[in-house]
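First up is the structure itself, then whatever we jot down about it.
In full-length UniProt numbering, the protein residues as written are 1 to 420.
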């Protein structure tokens with residue numbers, strides 16, 4: 001009797017251990033709270049399958065497939081319609097199939113799931129995340145190839161900083177990918193059958209405090225009328241979407257109108273396309289000059305180089321007369337190549353201008369937070385970046401020393417000219 005009880009206890013312990021380990025392995029799938037993204041790593045997005053082409057050496061075909069590199073992990077979102085084309089493109093881009101450990105399929109259509117079987121024949125050491133509506137034939141194929149699958153019905157965490165919207169009704173039912181990056185949300189759509197606006201709204205519902213940095217993938221707008229396209233573009237603006245990389249089933253006219261509206265924030269994306277989403281940290285080196293005089297009237301211009309040097313120029317005309325001499329004094333130890341690059345940027349580019357007039361009003365001195373922080377910076381940031389802060393030093397009588405520190409990439413700022 002005692003032996004039976006002992007054996008029963010041992011069995012319970014073993015079952016409990018197995019359940020614990022299973023839950024630990026897949027705990028990231030169960031969480032309802034999502035990361036804020038403050039510690040998010042850099043993200044690289046690589047198109048390996050599309051009917052649009054960026055790299056002429058790669059093969060196009062109707063469909064979609066995108067590799068997501070985040071931290072030390074590679075994920076594949078959709079497999080296109082032909083595994084031979086998928087694997088060939090991956091090989092040419094030096095992406096080994098066995099380096100992929102998670103695979104997400106957006107929906108059941110062949111131009112997104114067609115390459116799955118052939119991919120699993122090369123690498124079955126993956127977990128495949130499929131919509132719950134997928135038929136048993138697909139599930140059986142995955143297990144027969146030796147891989148694991150996980151059925152997705154609602155929003156879930158797939159990996160660190162990577163989430164699925166869950167199944168959204170199309171038809172067919174479809175899931176999209178959300179990456180919570182340092183610069184905001186990245187939304188990747190396979191074909192956007194549920195409606196690309198609905199997908200973006202779902203992302204914002206999941207992450208109400210975050211801005212949408214980039215929407216990428218198929219928008220399912222092939223053949224849509226101009227009025228419908230313009231309405232969708234207007235909705236994108238209202239939702240605060242920062243950048244667009246439409247491809248696959250979006251359609252040529254859709255891409256044309258998005259490019260017309262978003263200009264340099266429209267990214268030409270197709271097979272071979274690579275998008276790096278990373279934060280530029282200008283605090284690495286700050287170069288300052290001072291503007292002096294009772295009445296302050298100067299242009300402030302900021303630039304960054306390929307080595308992330310952040311340069312602030314003040315009293316523009318006086319500084320430019322001795323530009324090279326002054327820069328040499330400031331940039332000690334910088335290579336000749338980088339020095340020439342910086343000088344060229346300073347001469348040719350005006351990335352950020354602030355024309356500031358007047359050091360004080362009446363007898364009071366004003367903090368630059370008041371002069372430049374209240375308007376137009378806060379107004380602009382409220383619309384696009386929310387929580388982001390601009391720091392400025394104080395006005396001090398007859399001299400000024402001001403440093404702006406942007407906690408987001410300077411590329412966010414460089415198209416805009418503000419004046420006070």
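The beta-carbon is built from N, C-alpha and C at its ideal position, and this holds for glycine as well. What you are looking at is a predicted structure, and each value in this text was computed from that prediction instead of being measured.
Cβ-based burial, residue 4 [other Cβ within 10 Å; buried from 16]: Residue 4 should be labelled exposed.
Measuring CA to CA, which of 264, 243, 196, 116 is closest to residue 231? The residue with the shortest Cα to Cα distance from residue 231 is 196.
Proximity winner among 257, 75, 13, 101, relative to residue 224 (alpha-carbon distances): Of the listed residues, the one whose Cα sits closest to residue 224 is 257.
To test your reading of the DSSP string, which unbroken beta strand (DSSP E) runs of 3 or more residues are found completely within the segment 119-145? Taking 3 residues as the minimum length, the beta strand (DSSP E) runs contained wholly in the segment 119-145 are 127-131, in order along the chain.
Limits of the alpha helix (DSSP H) - the one that residue 254 falls within: First-last of the alpha helix (DSSP H) with residue 254: 252-262.
Top-ranked residue by Cα proximity to residue 48, from 173, 175, 96, 161: Among 173, 175, 96, 161, the Cα nearest to that of residue 48 is on 96.
Report the residue from 238, 213, 239, 235 whose alpha carbon sits nearest the alpha carbon of residue 245. The alpha carbon of residue 245 has as its nearest neighbour, out of 238, 213, 239, 235, the alpha carbon of 213.
Would residue 107 and residue 172 qualify as a contact pair, given that the criterion is a beta-carbon distance under 8 Å? A distance below 8 Å separates the beta carbons of residue 107 and residue 172.
Find the nearest neighbour of residue 111 within the set 85, 68, 166, judged by alpha-carbon distance. The shortest C-alpha separation from residue 111 is found at 85.
To the nearest angstrom, report how far apart residue 422 and residue 227 are at their CA atoms. The first residue shown for the chain is 1 and the last is 420, placing residue 422 beyond what the model contains.
From residue 181 to residue 44, what distance separates their C-alpha atoms? Taken atom to atom, the span from the alpha-carbon of residue 181 to that of residue 44 is near 11 Å.
Whole angstroms is fine: what's the gap from residue 240's alpha carbon to residue 136's? In a straight line, the C-alpha of residue 240 is about 40 Å away from that of residue 136.
When you compare only the Cα positions, how much space is there between residue 222 and residue 255? Taken atom to atom, the span from the alpha-carbon of residue 222 to that of residue 255 is near 10 Å.
If I'm right that residue 79 touches residue 122 with Cβ under 8 Å, what's the distance once you round it to whole angstroms? The Cβ separation is near 11 Å, so there is no contact.
Shortest alpha-carbon distance to residue 238 belongs to which of 179, 216, 153, 211? Residue 211 holds the alpha-carbon nearest to the alpha-carbon of residue 238 among 179, 216, 153, 211.
Run through DSSP, which three-state label would residue 61 get? Correct three-state label for residue 61: coil.
Compare the Cα-Cα distances from residue 271 to each of 183, 15, 50 and report the closest residue. It is 50.
Return the Cβ separation of residue 102 and residue 141 in integer angstroms, given the expectation that the two are a contact with Cβ distance under 8 Å. Actually they do not touch by this definition, with Cβ atoms about 18 Å apart.
Residue burial classification, residue 202 (beta-carbon count within 10 angstroms, cutoff 16): The residue is buried, with at least 16 neighbouring Cβ atoms inside 10 Å.
Rounded to whole angstroms, what is the Cα-Cα separation between residue 174 and residue 187? Cα to Cα, residue 174 sits roughly 14 Å from residue 187.
Under three-state DSSP, which class holds residue 370? Because the pLDDT at residue 370 is just 29, under 50, the model does not fix this residue reliably, and the value given afterwards should be weighed accordingly. Three-state result, residue 370: helix.
Quick check on residue 86: does DSSP put it in helix, strand or coil? If DSSP states are grouped into helix, strand and coil, residue 86 belongs with the helices.
Using only alpha-carbon positions, find the residue among 185, 199, 57, 115 that is nearest to residue 66. Residue 115 is the option with its Cα nearest to residue 66.
Identity of the residue in 250, 209, 208, 234 nearest residue 218 by Cα: Ranking 250, 209, 208, 234 by Cα distance to residue 218 puts 250 first.
What separation, rounded to the nearest whole angstrom, lies between the Cα atoms of residue 177 and residue 265? Annotation: residue 177 to residue 265 spans about 21 Å, alpha carbon to alpha carbon.
When DSSP labels each residue in this structure, what does residue 108 get in the three-state scheme? If DSSP states are grouped into helix, strand and coil, residue 108 belongs with coil.
Does DSSP put residue 282 in a helix, a strand or coil? Because residue 282 sits at a pLDDT of 35, beneath the cut-off of 50, its placement in the model cannot be relied upon, and the following sentence gives the value as read from the coordinates. It is helical.
I'd like to know whether the C-beta atoms of residue 120 and residue 89 end up nearer to each other than 8 Å. No, the pair does not count as a contact, with Cβ atoms beyond the cut-off.
Are residue 274 and residue 105 closer than 8 Å when you measure CB to CB? Their beta carbons are not under 8 Å apart, which means residue 274 does not touch residue 105 by this criterion.
Euclidean distance between Cα positions of residue 170 and residue 205: For residue 170 and residue 205, the distance between alpha carbons rounds to 18 Å.
Compare the Cα-Cα distances from residue 69 to each of 268, 162, 150, 248 and report the closest residue. Selection 268, 162, 150, 248 evaluated against residue 69 yields 162 as nearest (Cα-Cα).
Just to confirm, is the Cβ distance from residue 126 to residue 158 under 8 Å? Taking 8 Å as the Cβ cut-off, residue 126 and residue 158 do not qualify as a contacting pair.
Cut-off 7 Å between Cβ atoms - residues of its own chain near residue 81, not counting five sequence neighbours on either side: Same-chain partners within the cutoff: 61, 62, 63, 110, 111, 114, 115.
Alpha carbon of residue 183 to alpha carbon of residue 12, nearest angstrom: Between the alpha carbons of residue 183 and residue 12 lies a distance of about 47 Å.
Residue 76: first and last residue of the uninterrupted beta strand (DSSP E) it sits in: From DSSP, the beta strand (DSSP E) with residue 76 extends over 73-77.
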